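Reviewing the structure listed below.
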Amino acid sequence: KFLSCKKFPNCNGALTAEGKPLPKGGEPIGVHPKTGEPIYVKNGRFGPYVQLGENGKNEKKPKMASIPKTLDPSSITIEAAATLLSLPRIVGVHPKTGKEVTSSIGRFGPYIVHDGDFRSLKAPDDVYTIALPRALEILSQEKKARGFRKKKTP
298 KFLSCKKFPN CNGALTAEGK PLPKGGEPIG VHPKTGEPIY VKNGRFGPYV QLGENGKNEK
358 KPKMASIPKT LDPSSITIEA AATLLSLPRI VGVHPKTGKE VTSSIGRFGP YIVHDGDFRS
418 LKAPDDVYTI ALPRALEILS QEKKARGFRK KKTP
């Protein structure tokens with residue numbers, strides 16, 4: 298969460314909910330240890346995020362990842378940014394289908410996906426460390442109902 302004026306993102310007075318200034322996003326915080334590309338901490342309309350690479354330097358869009366509310370954007374490290382940018386992570390290949398099983402963090406929290414089948418991850422499972430056997434175990438479980446009820450007919 299952060300505070301800003303109505304002209305966001307062109308506002309000079311944006312602050313985190315704790316009152317700390319948000320990074321401007323002009324200077325990189327460092328370079329990615331594997332790719333050597335610059336990493337930026339920026340502010341978007343959905344909150345702070347990290348970006349790998351420059352805008353408009355390549356034909357493809359730079360990789361971006363939201364910064365979780367548990368991390369302070371003004372004190373994010375290169376290691377933490379590289380970890381966020383590592384998603385989606387390939388967990389492994391499903392032995393029956395030969396298709397990839399991946400883990401990531403989405404709008405509704407951490408999840409794994411295989412061939413369009415999405416499953417939420419609950420603690421202690423973690424998107425960065427979950428192993429293929431555990432992911433296959435979660436995928437083999439019956440999907441839980443979402444809580445939608447059929448409308449009663451009058």
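Here the sequence shown stands for residues 298 to 451, numbered as in the numbering used here.
The C-beta atom is built at its ideal place from N, Cα and C for all residues, glycine as well.
This structure is a prediction, so every number in the text was calculated from the model and none was measured.
Pairwise C-alpha distance: residue j and residue i
i	j	result
K365	G406	It should be pointed out that residue 365 corresponds to Pro in this sequence rather than to Lys. Computed Cα separation, rounded: 10 Å.
Q438	G327	42 Å
H391	E434	11 Å
I375	G413	32 Å
G333	P325	12 Å
R416	K440	8 Å
K393	I427	19 Å
K357	N340	20 Å
I373	R404	21 Å
G323	A420	36 Å
Cutoff 7 Å; reference residue i; Cβ partners in own chain excluding five residues on either side
i	result
V424	L384, R386, S400, S401, I402, P407, L418
A377	L368
A422	Note that residue 422 is Asp in the sequence shown, not Ala. Only R431 meet the Cβ criterion.
Residue i - partner residues in DSSP beta bridges
i	result
S400	R386, I409
F415	V410
P359	Its beta-bridge partners do not exist; DSSP assigns none.
V328	P335
V347	V338, A362
Distance CB(residue i)-CB(residue j) smaller than 7 Å
i	j	result
H411	L436	yes
H329	A362	no
Contacts around residue i, its chain only, beta-carbon distance under 6 Å, and the 5 residues preceding and following it disregarded
i	result
G389	V398, L429
K396	D412
P335	P325, V328
Other residues of its chain near residue i: CB distance less than 8 Å, five sequence neighbours each side excluded
i	result
K360	Q348, L349, G350, L382
K331	A379
N352	P359
Integer-rounded CB distance, given that residue j should sit under 8 Å from residue i
i	j	result
I409	A432	5 Å
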